[in-house]
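Heads up: the sequence lines are chains A and B, in that order.
Going by my numbering, the first sequence opens with residue 1, and the numbers climb by one from there.
Going by my numbering, the second sequence opens with residue 1001, and the numbers climb by one from there.
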Amino acid sequence: MEQFSFLQKIFRLSLFCFLLVFMTLIPALQGVNKAYGDDEDIDEDRVIELGKKVYETRCMICHGSKGDGKGFAGITRRVEKNGRVLKNYARDFTMGVFRFRTTPNGCLPDDEDLMKIISNGVSRSFMPPHKDILSLEEKKSVIEYIKTFSERWEEEDPCDVIEVKKPDWVGSSLSVKKGERVYKEMKCWECHGEEGKGDGPKSDKIKDDWGKPILPFNFVTGELKRGSSAENIYITFTTGLDGTGMPSYEDSLNEEDRWHLVSYTLKLMGKLKSLH
Amino acid sequence: MLNRFYLSLLLISGIVLGAFLLFVGYREISPEWKQYQVEYKNNLIKNAKDDATRERAKEVAIEIRQIYLGKLKRVDRCTTCHLGIENPLMVDADQPFSSHSGDYLKNHPLDKFGCTTCHHGQGRALTKKEAHGLGHKTHWDDPIIPTKYIQSSCAQCHDYKTLEQKGVNNIVKGRNLFQEKGCRGCHKLNKVGGDLGKPLDGIGSQPIAYFPMKHVTGEKTIYSWIKQHFDDPRKIVPESQMRAFLTEEEADLITTYILTLRAEEPPREYRRFMHMPEVKTDGESLYKKYCIACHATGKISVYDEILKRTIPAIKNPAFLKAADDNFLRNVIKEGRTGTQMTAWKISAAGLSDAEINKIINYLSIDRPEEKPERFGFADFTGNVERGKKLYEIRCTFCHGKDGKGGEGLLGINLINPVVQSADPEFLAITVRDGRAGTPMAAFGKKNGLGLEDQDIADLITYVKTLSQKKENLSNDYKD
């Protein structure tokens, strides 16, 4: 260290400071450009235009030209293995209410949430996956276009994403037992039924935010719409499904109990063998 | 010392053997039936009103009783234990002494009909366990029939009209259900019916080995199998594609009917068929018999999780408007390869042309008067390359990339011969106007998703090549 002279030290320090200032300035300068440049407006228009084009060729058929879910395809129906008929309505974008979020109850979804749905589709509904069909740019622009249907996107700021960390004991027999207790205490069975068949005493009285009758999920006959992993079940309990009868349990159950409930749900779905 | 040890060992084993022989001997001289007979005899003596009856009761022999039925090839020893079956005084007695309910024995005397003719079970057996064939793992093929299904025995000799007049209703209701729930859409009976399920001829007298009992709960009898199979087909046969959505009561009624489908017939002099069986042959009845299990009302199309495809709405006005009778006849006769739709022609599922015509007439009641606007497919020259591009943008999310439709997809299979051989005009009109009542949207310019007529012509030209493409592909692999 001693071979460096005092002058050299000063030089190095000033160089470091300069770099630091420069680096902080770059984004700021860009921001200035953004705020005052005309390029951005054109760019946004271009994104919306591309989004509209994608929407009209791929989404409009179900979601409608106004994004109100009243497309040409209409209501689609699905008969479950036990004979129960489910009506699938295409999502109405004009209310800005979304079920499958990683953001807290009542919030708008994260862009990443929408991206996931567009890419992977929604199983058990007829929303197809667009993983290989649309480019990333197309998907991003169609998300921007979807946001133009509801004013919520302009009025509200996005919420923080809820973090999910699965404990090791999820799916253990003790956890399943505790989850069963929670299932009883929180009256999940009122809608989902004692055996999770979606046939609880309240099951035929539920209506969604659009006033349409909606049936609770039958754990026995298939996959969750957003995917059946433990993490997805946990996030459903935490965020609730906005617009449906499924509330958020973020405040009424602690994190541990929610994970126990996940274990019990997995058992009802018959998925525990594959987990352990 | 050692000698004494061996002596005592010999003594002990001698005692054990002796006790065992005594036990076996005792069991031989006082079997289950003998205990019942002694009990019954004592009852008779105790309840006798005067000396004469008491004397008669004392003379009742303790012996095996059997009814020999030469014509029916049966030997029934049931009355060995069920001693009071013909005794009107035993109405309130507990089993096995209770008298027969109702006045059935008046017209079905024991010496002519025996017991197992109606009740099934092992007539020759002398213990309850073996005679009833229940509650153990002997796997008798013909265990005693539960009372709730007993009416299935009546139909062996009597016709349904007589039974209905006599108030034997369960079996009649069961038969009506069988005919109105479309069972024969998948199951053959008398060589007529679909072939997705097993034929039902003689199903009621199949040996127990015919029914996989692994998942049956309770008594492992064919009665339990059939009933539980109606409750939840996939619980009993995991790979089953059966669409049976019945209530508990309906399941019992239809089980009663299914049990009448036996292979053997009673001898001629036992049969009392007074009326010809009433067979409804109008279009609606035929539709209910053969089509309703999958197509339901036929008004709306649904995606079915069991069949893993969308079931077309065949009574939907928009469909009938575009599909003429010849098209319907072709589909019904030839079926749809690659789907669960059976070929119903006389050489396959066994429907005559007249019956198929009746079904078509019934379907076309809902056909609207107005004809669809002409498309004029012949006026266009379709471009396959453009059609392919359009197909990939517009059609893949319902019909799949290869046009096969299938699991999780809303659209129907476009490769099957019916679509491939259909009139392009019909396909073009469908694409242009859509199918009201189904998810198939109108893609045309007027009130639709904005495809020009030329686009539609290109699309149809491409769709028509879908099956050829597959053949080319297989040829390529061969080379």
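Think of the CB as a built atom: it goes at the ideal place given N, C-alpha and C, for glycine as much as any other residue.
Inter-stretch contact at 8 Å, needing at least 3 Cβ pairs: the segment 130-141 of chain A / the segment 78-97 of chain A: no
Boundaries (first-last residue) of the beta strand (DSSP E) holding Thr148/A: Indexing the first sequence from 1 puts residue 148/A at position 148. It is not in any beta strand (DSSP E) - Thr148/A carries neither H nor E in the DSSP assignment.
Boundaries of the alpha helix (DSSP H) in which Val1016/B is found, first to last residue: For the purposes of this step, residue 1016/B is identified with residue 16 of the second sequence, where counting begins at 1. 1002-1029 is the span of the alpha helix (DSSP H), which, as asked, contains Val1016/B.
Minimum C-alpha distance to Lys116/A - residue among Met127/A, Ile10/A, Asp257/A: Sequence index remark: in the first sequence, residue 116/A carries index 116 (1-based). Considering only alpha carbons, the answer is Met127/A.
Residue environment, Ile10/A, which counts as buried when at least 16 other CB atoms sit within 10 Å: As a first step, residue 10/A must be located in the first sequence, where it is residue number 10. Exposed, since its Cβ has fewer than 16 Cβ neighbours within 10 Å.
Where Leu1189/B sits in the DSSP three-state scheme: For the purposes of this step, residue 1189/B is taken as residue 189 along the second sequence, with counting starting at 1. Strand at Leu1189/B.
Lys81/A: contacting residues in chain B (beta-carbon distance under 8 Å): Counting from 1 along the first sequence, the entry for residue 81/A is found at position 81. Here the neighbours are Arg1234, Glu1305, Ile1306.
CB contact check: Ile1292/B to chain A, cutoff 8 Å: Within the second sequence, numbered from 1, the residue matching residue 1292/B stands at position 292. Output row for Ile1292/B: interface = no.
Range of the contiguous alpha helix (DSSP H) that encloses Val1302/B: The residue given as residue 1302/B occupies position 302 in the second sequence. Per DSSP, Val1302/B belongs to no alpha helix (DSSP H); it is in the beta strand (DSSP E), 1302-1304.
Interface residues of the segment 222-241 of chain A facing chain B [CB-CB below 8 Å]: Gly222
Through-space distance from Ile1171/B to Tyr1257/B, alpha-carbon basis: Taking the second sequence and counting its residues from 1, the one referred to as residue 1257/B is at position 257. Taking the second sequence and counting its residues from 1, the one referred to as residue 1171/B is at position 171. So the two alpha carbons sit approximately 6 Å from each other.
Buried or exposed (CB count within 10 angstroms, at least 16 for buried), Phe149/A: Sequence index remark: in the first sequence, residue 149/A carries index 149 (1-based). Its Cβ being crowded by 16 or more others within 10 Å, Phe149/A is buried.
Inter-residue spacing [alpha-carbon to alpha-carbon] between Leu1409/B and Gly1283/B: The count along the second sequence starts at 1 and reaches residue 1409/B at position 409. The count along the second sequence starts at 1 and reaches residue 1283/B at position 283. Distance between the alpha carbons of Leu1409/B and Gly1283/B: 32 Å.
Chain B contact residues for Val85/A, given Cβ-Cβ distances below 9 Å: Counting from one through the first sequence, the residue named residue 85/A turns up at place 85. Those within 9 Å of Val85/A in chain B are Val1302.
Buried or exposed by the 16-neighbour rule on C-beta atoms within 10 Å, applied to Thr1127/B: To locate residue 1127/B, count along the second sequence from 1; it is residue 127. Label assigned to Thr1127/B: exposed.
Nearest residue (CA-CA) to Cys1457/B, options Glu1407/B, Pro1439/B, Ser1421/B, Gly1376/B: If you number the second sequence from 1, residue 1457/B lands on position 457. It is worth fixing the name first, because residue 1457/B is Ala in this sequence and not Cys. Minimum Cα distance to Ala1457/B is reached at Gly1376/B.
Contacts that Ser61/A makes with chain B (C-beta to C-beta distance below 9 Å): Mapped onto the first sequence, residue 61/A falls at position 61. The amino acid occupying residue 61/A in the given sequence is Ile; Ser does not appear at that position. Close partners of Ile61/A in chain B (Cβ separation under 9 Å): Arg1394, Phe1397, Cys1398, Pro1439, Ala1441, Phe1443, Leu1449.
Spatially closest choice to Asn1413/B from Met1440/B, Asp1231/B, Ser1013/B, Glu1452/B, by CA coordinates: Your numbering for residue 1413/B matches position 413 in the second sequence. Closest by alpha carbon: Met1440/B.
For Gly1444/B, the three-state DSSP class (helix, strand or coil): Position 444 of the second sequence, counting from 1, holds the residue named residue 1444/B. In the structure shown, Gly1444/B sits in a strand (DSSP, three-state: E or B).
Inter-residue spacing [alpha-carbon to alpha-carbon] between Leu1459/B and Val1384/B: Along the second sequence, one-based indexing puts residue 1459/B at 459. Along the second sequence, one-based indexing puts residue 1384/B at 384. The alpha-carbon atoms of Leu1459/B and Val1384/B are separated by roughly 7 Å.
Contact with chain A by Leu1459/B, beta-carbon distance below 8 Å: Here residue 1459/B refers to the residue found at position 459 when the second sequence is read from its first residue. No, Leu1459/B lies away from the interface with chain A (no Cβ there is under 8 Å from its Cβ).
Local Cβ density within 10 Å of Asp1050/B, reported as buried at 16 or more and exposed below that: As a working note, residue 1050/B is residue 50 in the second sequence. Exposed, since its Cβ has fewer than 16 Cβ neighbours within 10 Å.
Three-state class that DSSP yields for Arg1056/B in the structure shown: By 1-based counting over the second sequence, the position of residue 1056/B is 56. Here Arg1056/B sits in helix by DSSP.
Partner residues on chain A for Leu1105/B, Cβ-Cβ distance less than 7 Å: Walking along the second sequence from the start, residue 1105/B turns up at place 105. Ordered by position in chain A, no residue passes the 7 Å Cβ test against Leu1105/B, which lies about 43 Å from the chain.
Bridge partners - Met350/A, DSSP secondary structure assignment: Nothing about residue 350/A can be reported from this structure: the residues present for chain A run from 1 to 276 only.
Collapsed DSSP secondary structure at Lys1308/B in the structure displayed: Mapped onto the second sequence, residue 1308/B falls at position 308. Lys1308/B falls in the coil class under three-state DSSP.
Within-8 Å CB hit, Phe93/A to chain B: The residue labelled residue 93/A in the question sits at position 93 within the first sequence. It does not: the Cβ of Phe93/A has no partner Cβ on chain B nearer than 8 Å.
Neighbour flag for Val1463/B against chain A, beta carbons, 8 Å: On the second sequence, position 463 is the one that residue 1463/B refers to. By this cut-off, Val1463/B is not an interface position.
Option nearest Glu1249/B by Cα separation, candidates Lys1173/B, Glu1425/B, Glu1373/B: As a first step, residue 1249/B must be located in the second sequence, where it is residue number 249. Considering only alpha carbons, the answer is Lys1173/B.
Beta-carbon gap between Arg58/A and Gly243/A smaller than 8 Å: Along the first sequence, one-based indexing puts residue 58/A at 58. Along the first sequence, one-based indexing puts residue 243/A at 243. Going by C-beta atoms, Arg58/A is not nearer than 8 Å to Gly243/A.
Cα-Cα separation, Ile1064/B to Arg1077/B: What you label residue 1064/B is simply residue 64 of the second sequence in a count that begins at 1. What you label residue 1077/B is simply residue 77 of the second sequence in a count that begins at 1. Taking the straight line joining both Cα atoms gives about 7 Å.
Buried or exposed (CB count within 10 angstroms, at least 16 for buried), Tyr1006/B: The sequence position of residue 1006/B within the second sequence is 6, counting from 1. With fewer than 16 Cβ atoms within 10 Å of its Cβ, Tyr1006/B is classed as exposed.
Contacts that Pro128/A makes with chain B (C-beta to C-beta distance below 7 Å): The residue you call residue 128/A lines up with position 128 of the first sequence. In chain order: Phe1397.
Alpha helix (DSSP H) runs wholly inside the segment 1130-1164 of chain B, at least 4 long, in chain order: For the segment 1130-1164 of chain B, whole alpha helix (DSSP H) runs of length 4 or above, ordered along the chain, are 1151-1154.
Chain A within 8 Å of Phe1319/B, Cβ atoms only: Counting from 1 along the second sequence, the entry for residue 1319/B is found at position 319. Chain A contact via Cβ: absent.
Through-space distance from Phe18/A to Met1/A, alpha-carbon basis: Working through the first sequence from its first residue, we reach residue 1/A at position 1. Working through the first sequence from its first residue, we reach residue 18/A at position 18. Here the model assigns Met1/A a pLDDT of 46, short of 50, so the residue's position is not dependable and the matter cannot be decided.
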